[in-house]
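S.K.: The listed protein sequences correspond, in order, to chains D and Y.
According to full-length UniProt numbering, the stretch in the first sequence is residues 1 to 361, in order.
According to full-length UniProt numbering, the stretch in the second sequence is residues 1 to 361, in order.
Beta carbons are placed, not taken as given, at the ideal position from N, Cα and C, and that holds for glycine.
Protein chains: 2
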Amino acid sequence: MTGLEGVGGCGGENSTVVESREWVMSAYAAEGVPTSDHLKLRTTKLSLDANSIPDGHVAVELLWISVDPYLRTRMTGHDDGLYFSQFALNEVITAFGVGRVFLSKNGKFSTGDIVINPFFPFAEYCIAPPTFLRVIDPTAGIELPAYLSSLGVPGFAAWVGIEVLGNPKPGSNVFISAAAGGVGIFAGQLAKLKGCRVVGSTGTDEKVKLLKEEFGYDEAFNYNKETDFDAALRKYFPNGIDLYLDNVGGKMLEAVLNHVNLHARIPICGMISQYNQIWTEREGVRNLLNMVGKEVRMEGYLVGSYLDRFDDFTKEMETYTKEGKLRSKHKIYCGIESFIESLGSMFTSSNIGKVVIQVKP
Amino acid sequence: MTGLEGVGGCGGENSTVVESREWVMSAYAAEGVPTSDHLKLRTTKLSLDANSIPDGHVAVELLWISVDPYLRTRMTGHDDGLYFSQFALNEVITAFGVGRVFLSKNGKFSTGDIVINPFFPFAEYCIAPPTFLRVIDPTAGIELPAYLSSLGVPGFAAWVGIEVLGNPKPGSNVFISAAAGGVGIFAGQLAKLKGCRVVGSTGTDEKVKLLKEEFGYDEAFNYNKETDFDAALRKYFPNGIDLYLDNVGGKMLEAVLNHVNLHARIPICGMISQYNQIWTEREGVRNLLNMVGKEVRMEGYLVGSYLDRFDDFTKEMETYTKEGKLRSKHKIYCGIESFIESLGSMFTSSNIGKVVIQVKP
């Protein structure tokens, strides 16, 4: 029932000791996609006994773990412009996950509760403090991986960018780059739900089709084919751009600044096109003066600064999901051992939707 | 008394006709500083008779006219990124000015009232509609040119940038470029009045001295001598930058983005270093990704969008001025004929403070 059957208990008669595999940061990867040179899977023995759990803590069996681009930026070993803290060497890395409470020494959590946590160890089992731990209602009719996508980091990043910083109005002209990625698919749907006209850019014709047919985008274009971004934006935004959710930076951002309307907003969620260069080799944006004439607001953000709005976000997204107004799409990798492969997949345009690992079937 | 004695009246016995010199946009200047090829001074005869003044209008004798960088951007004949409307060819240009009411056909204004208006014709006399016209209290003990500097466009631009968009706190680290210019001298003083630590960049050692000794800047540096902006900012901002009022753009903006603190604000007032190039030849800013990690808000603005706050601004600045807490500095050119020279002076680093023309001594 708990998935612990057959796992070697080797303590006294009341003890439960499990073998837990976990991902350790062995060496930083300054460039390129991290490999087994940098990330090591190791097996530890973990006692889930009441005696082994500190007061207030809970023992958790991980079910799903989220694989997001920001994890990459915590593995460089140097400051890359995002200023995220780096994972400590030879320590277990952390990630957003969904788990099941195995044993609780905290009145707020009971055995069997499904919980989410932005900072779970990337492991099969763990002893977790209650900070950031939140119980999911399994009767809500929402599949668990949705809590890592529409209701997790990418959904929250989309919501903060569109609703908090973007202030969309019915009829606003909204552009979203990396539109078929984890953030983009939700950002586009949220903007549509607000009555906007939404256009996305993405890297394959298959994704263009998907954005228009499954996720309700009004238009989408393949930036690998329509490489004159200025011409593409002139075509798709005859009335200019009111809101641009930037996931890529560089030349696309520069092109957008030639098509902004008065008081346009540009929330910057990330700039994945720029992550693999040092900053002096990145593409310069030459037309920032347009921000003055059009009174544009450009704002970088990290979801961690908006955690006071997480409940508002959750309520809204749960409602949309139950009403069938919000679709998710997951690329599921099986088993904790698939982490390196799943991480690498985010940098090759090979996935559609949100990348997650199913730790336990 | 009105300055009209001796000006040729040539109508009936109750009529007053004046000769008024005025500046006309004769040809656009795409590049460089406008000359007499582009701006022509012509003399017209203007009747200031009650019969010649439309109902609700007033006849005004101009006393002071403001010369600001934005005037240049309305003379290019092409879209330059600021999107200001261009002055119409062969029409009188307009500017911010202070005048004296000669005759009024509007109950809100009386003969002898001192009035200001952001859109006076650049002329010695005019018939003005009441829109935007505001009466100045001459007993307030504030010299008239101050209404074109601390209480005019540059003061308002400084106030919007620092107080509305910049949200400075006591102890905030504030950086201001073009610090000895019309906007910079007030921006620095406003930030100091809010308890900030203020550093400015400017183009000569004389101005560095002036900023520190007369305008209360904590530090200032000569960007023509300390040409490694990154090193300069590291030196002057050991604790990083919380607020940067950008007047210049380009390399200075890029350097600032390497020293921003979490939630730094960058109101963009203008980018005078970039005005004379077409956008594809302007300097690209390569490190915008830093805006994500530091959650920086960058916002272009034009004072015209904040006119609903002009009264708040005026009250605050008048109070500071009367209390001796705010100093102005003017570079005064004499006579309407000095316009071309005064306009050109803004692009040579030769002035200190706000450029104004005294139309009538």
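At a Cβ threshold of 7 Å, is D:Gly284 touching chain Y?
M.R.: Yes - at least one Cβ of chain Y is within 7 Å of the one on D:Gly284.
S.K.: With a CB to CB cut of under 7 Å and the five nearest residues on each side skipped, what residues in its chain are close to D:Asn351?
M.R.: Closer than 7 Å at the Cβ level, and outside the excluded window around D:Asn351, lie Lys331, Ser345.
S.K.: Near Y:Leu210, what residues of its chain come up, given a Cβ to Cβ distance below 7 Å and the 5 sequence neighbours on each side ignored?
M.R.: Excluding residues within five positions, the ones whose Cβ falls inside 7 Å are Ala180, Ile352.
S.K.: Return yes when the Cβ of D:Phe84 is within less than 7 Å of the Cβ of D:Arg74, no when it is not.
M.R.: Contact: yes.
S.K.: Name the two residues that bound the continuous beta strand (DSSP E) containing Y:Phe119.
M.R.: Note, Y:Phe119: beta strand (DSSP E), 114–121.
S.K.: What span of residues does the beta strand (DSSP E) with Y:Arg134 cover, start to end?
M.R.: That run of the beta strand (DSSP E) goes 134–136.
S.K.: If contact is defined by three or more beta carbon pairs under 8 Å, each pair taking one atom from either stretch, is the stretch 252–269 of chain Y in contact with the stretch 164–174 of chain Y?
M.R.: Yes, since at least three Cβ pairs between the stretch 164–174 of chain Y and the stretch 252–269 of chain Y fall closer than 8 Å, the two stretches touch.
S.K.: Does the distance from the C-beta atom of D:Ile357 to that of D:Ser328 stay below 7 Å?
M.R.: Cβ atoms of D:Ile357 and D:Ser328: not closer than 7 Å.
S.K.: If you measure beta-carbon to beta-carbon, which residues of the stretch 155–188 of chain Y are closer than 7 Å to chain D?
M.R.: Flagged: no residues at all.
S.K.: Quick check on D:Ala231: buried or exposed, where buried means 16 or more other Cβ atoms within 10 Å of its Cβ?
M.R.: Exposed, since its Cβ has fewer than 16 Cβ neighbours within 10 Å.
S.K.: Between the stretch 297–312 of chain Y and chain D, which residues of the former have CB atoms less than 8 Å from a CB of the latter, in chain order?
M.R.: Listed by position along the chain: Arg297, Met298, Glu299, Gly300, Tyr301, Leu302, Ser305.
S.K.: Tell me the rounded alpha-carbon separation between D:Ile53 and D:Glu19.
M.R.: Each residue's alpha carbon lies about 16 Å from the other.
S.K.: Answer yes or no: does any C-beta atom of chain Y fall closer than 7 Å to that of D:Val292?
M.R.: Chain Y contact via Cβ: present.
S.K.: Excluding the 5 residues preceding and the 5 following Y:Ala50 in the sequence, name in chain order all residues of the same chain whose CB lies nearer than 7 Å to its CB.
M.R.: The residues are Leu103, Lys105.
S.K.: Less than 8 Å between C-beta atoms, sequence neighbours within five positions excluded: which residues of the same chain meet that for Y:Lys194?
M.R.: Closer than 8 Å at the Cβ level, and outside the excluded window around Y:Lys194, lie Ile162, Glu163, Pro168, Lys169, Pro170, Ser172.
S.K.: Nearest-angstrom Cα distance between D:Phe87 and D:Leu253?
M.R.: Near 30 Å, if we compare the C-alpha coordinates of D:Leu253 and D:Phe87.
S.K.: Spatial neighbours of Y:Phe119 within its chain, please: CB distance less than 7 Å, with the 5 preceding and 5 following residues excluded, ordered by chain position.
M.R.: Closer than 7 Å at the Cβ level, and outside the excluded window around Y:Phe119, lie Thr94, Phe132.
S.K.: Assuming D:Met291 and Y:Met298 make a contact with CB atoms under 8 Å, what is their CB distance in whole Å?
M.R.: Their Cβ separation, rounded to whole angstroms, is 7 Å, which keeps D:Met291 and Y:Met298 in contact under 8 Å.
S.K.: Spatial neighbours of residue 374 of chain Y within its chain, please: C-beta separation below 7 Å, excluding the five flanking residues on both sides.
M.R.: The shown model of chain Y, from 1 to 361, leaves out residue 374 of chain Y, and the question about it has no answer.
S.K.: Would you mind stating whether D:Ser159 and D:Phe313 have Cβ atoms separated by less than 7 Å?
M.R.: Note that residue 159 of chain D is Trp in the sequence shown here, rather than Ser. Yes, they are a contact pair.
S.K.: Do you know offhand how far Y:Lys354's Cα is from Y:His57's?
M.R.: Taking the straight line joining both Cα atoms gives about 30 Å.
S.K.: Would you say Y:Ile116 lies against chain D (beta-carbon separation less than 7 Å)?
M.R.: Not closer than 7 Å to any Cβ of chain D, the Cβ of Y:Ile116 fails to qualify, so no.
S.K.: Might you give, ordered along the chain, the residues of its own chain that have their beta carbon closer than 8 Å to the beta carbon of D:Pro130, omitting 5 neighbours on each side?
M.R.: Excluding sequence neighbours, D:Pro130 sits near Gly56, His57, Val58, Asn106, Lys108, Phe109.
S.K.: Am I right that D:Val60 and D:Val101 are in contact with their C-beta atoms under 8 Å? What's the rounded C-beta distance?
M.R.: Contact flag correct, Cβ pair sits at about 6 Å.
S.K.: Enumerate in chain order the residues of its own chain whose CB-to-CB distance from Y:Leu288 is below 8 Å, with the five nearest sequence positions on each side excluded.
M.R.: Answer for Y:Leu288: Leu257, listed in chain order.
S.K.: Pull up the CB-CB distance for Y:Ile185 and Y:Phe215, whole angstroms please, since I reckon it's below 8 Å.
M.R.: 5 Å between Cβ atoms; contact.
S.K.: Taking Cβ positions only, does D:Glu295 come closer than 7 Å to chain B?
M.R.: Among the protein chains of the structure shown, namely D and Y, there is no chain B.
S.K.: Measuring only between beta-carbons, confirm whether Y:Ile241 sits less than 7 Å from chain D.
M.R.: No, Y:Ile241 does not count as interfacial toward chain D.
S.K.: Measure the beta-carbon distance from Y:Glu143 to Y:Ile336 and round it to whole angstroms, keeping in mind my assumption that it falls under 8 Å.
M.R.: Contact doesn't hold; Cβ gap of about 20 Å is too wide.
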